[in-house]
DNA sequence: ACGGCATTGTTGACGTCGACAACAATCCTC
DNA sequence: GAGGATTGTTGTCGACGTCAACAATGCCGT
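Residue numbers (this note's numbering), protein chains in the order written: chain A, 1 to 164; chain B, 1 to 164.
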């Protein structure tokens, strides 16, 4: 459908009524409206934006947060285990942990039983940083509730946990 | 918690019952279990993986698909409009459209009214490619239904449309 | 005990993507 | 006509996912 060709100049007054084409009508999303992936993607981006903004004070990204949480809850696990549970490549994890080590948040001890593995741990600083991160992340999470409504929030969390 | 120290050798038969430490017990997700963003992220990645796999035959990424759909449903719109509706930076869009142009799927006509704008259009080839893409995307979408269950699928789609 | 095979961590390289700055051309408004 | 905003464009940077290769180590059957 052509963009509503404007009436053929019977009223030459005011070339265009509200010419501010600031939002040139509404743009049709077409079949994207029927694709869950599109909305899930937009939602995920929005969530991460808020998360990143709230944790910017302590400079912890969503991925770093998930890494710290898993290490904190599973002391001594290996990098392979960490990566496979979070869906992060071993190679990627190496550089991420290198950075967290340099920041003094984590450490890699030699595994007692397996010479290939590293036993991952949080340092003291890492534990306190994780505590702060959890507090900020909880605020972030709480901010989602009013946006979704408590019912929808519960529904979505339950649904996603079920399919993950 | 140490990894369930194995029974102190009363039965020397078979050094370890199921020694395949393939998944060394279950790893605790900790507070990630209470974070919607974590599951939304995992879900989005899984969805995109399936989408990419199904559309690999015609070499169309999720982002490219969304761009083609929007152009197809809103012929003549500008790059700025396209970018702002999809949440893609103008700069990023320039290179994406450059590629789609080179592939002969889209074209940038000079806007009649505004010398700065380009009026975006699908070429004939772009229209047929979009048709194929829509068909494959519909199959992808249909595959989500059994994984979620029809009720949860509807709930989630409605909820996300409402908050987007 | 030994040799082949798998696993683990590591490094290097590549491509994609989001973000930002700068710029020229064009439009808009006073 | 001048100043300011918009649009498309280019360059650059950093974060990521991905793949290949490698050394060290563990595991296994013969």
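Where a beta carbon is used, it is the ideal one built from N, C-alpha and C, also for glycine.
Just so we're clear, the structure is a prediction, and the values are computed from it rather than from any experiment.
Given residue i as reference, the closest of the options once Cα atoms are compared
| i | options | result |
| --- | --- | --- |
| residue 133(A) | 140(B), 32(B) and 27(B) | 32(B) |
| residue 232(A) | 96(A), 81(A), 154(A) and 137(A) | This structure gives no information on residue 232(A), because the portion of chain A shown stretches from 1 to 164. |
| residue 110(B) | 76(B), 61(B) and 151(B) | 76(B) |
| residue 205(A) | 59(B), 62(B), 35(B) and 81(B) | With chain A running from 1 to 164 in the structure shown, residue 205(A) is simply not present. |
| residue 60(A) | 113(A), 103(A) and 37(A) | 103(A) |
| residue 107(A) | 127(A), 91(A) and 158(A) | 127(A) |
| residue 56(A) | 152(A), 140(A) and 164(A) | 140(A) |
| residue 37(B) | 47(A), 124(A) and 39(A) | 47(A) |
| residue 51(A) | 148(A), 144(A) and 158(A) | 144(A) |
| residue 93(A) | 35(A), 115(A), 113(A) and 65(A) | 65(A) |
| residue 129(A) | 87(A), 105(A), 40(A) and 101(A) | 105(A) |
| residue 142(A) | 26(B), 30(B) and 35(B) | 35(B) |
| residue 170(A) | 78(A), 62(A) and 158(A) | The first residue shown for chain A is 1 and the last is 164, placing residue 170(A) beyond what the model contains. |
| residue 135(B) | 146(B), 39(B), 58(B) and 91(B) | 58(B) |
| residue 49(B) | 49(A), 41(A) and 158(A) | 41(A) |
| residue 101(B) | 83(B), 124(B) and 116(B) | 124(B) |
| residue 99(B) | 67(B), 87(B), 115(B) and 85(B) | 67(B) |
| residue 85(B) | 26(A), 85(A) and 86(A) | 26(A) |
| residue 63(B) | 43(B), 115(B) and 95(B) | 95(B) |
| residue 30(B) | 146(A), 131(A) and 148(A) | 131(A) |
Where residue i sits in the DSSP three-state scheme
| i | result |
| --- | --- |
| residue 35(A) | coil |
| residue 105(A) | coil |
| residue 47(B) | helix |
| residue 55(B) | helix |
| residue 26(A) | coil |
| residue 21(B) | In this predicted model, residue 21(B) has a pLDDT of only 37, less than 50, meaning its place in the structure is not dependable; the value taken from the coordinates is given anyway. The answer is coil: DSSP assigns residue 21(B) none of H, G, I, E or B. |
Per DSSP, cross-strand counterpart(s) of residue i
| i | result |
| --- | --- |
| residue 110(B) | 118(B) |
Exercise for review: Pair every Cβ in the region 113–123 of chain A with every Cβ in the region 57–76 of chain A, then say whether three or more of these pairs are closer than 8 Å.
Suggested key: yes
Review point. Which ranges does the alpha helix (DSSP H) cover as unbroken runs of at least 4 residues, wholly within the region 62–100 of chain A, from first to last along the chain?
Key: 62–73 and 79–86
Review point. Going along the chain, which unbroken runs of the alpha helix (DSSP H) with 4 or more residues stay wholly within the region 121–162 of chain B?
Key: 124–148
Point to revise | Contact between the region 144–152 of chain A and the region 152–163 of chain B (3+ Cβ pairs under 8 Å) | key: yes
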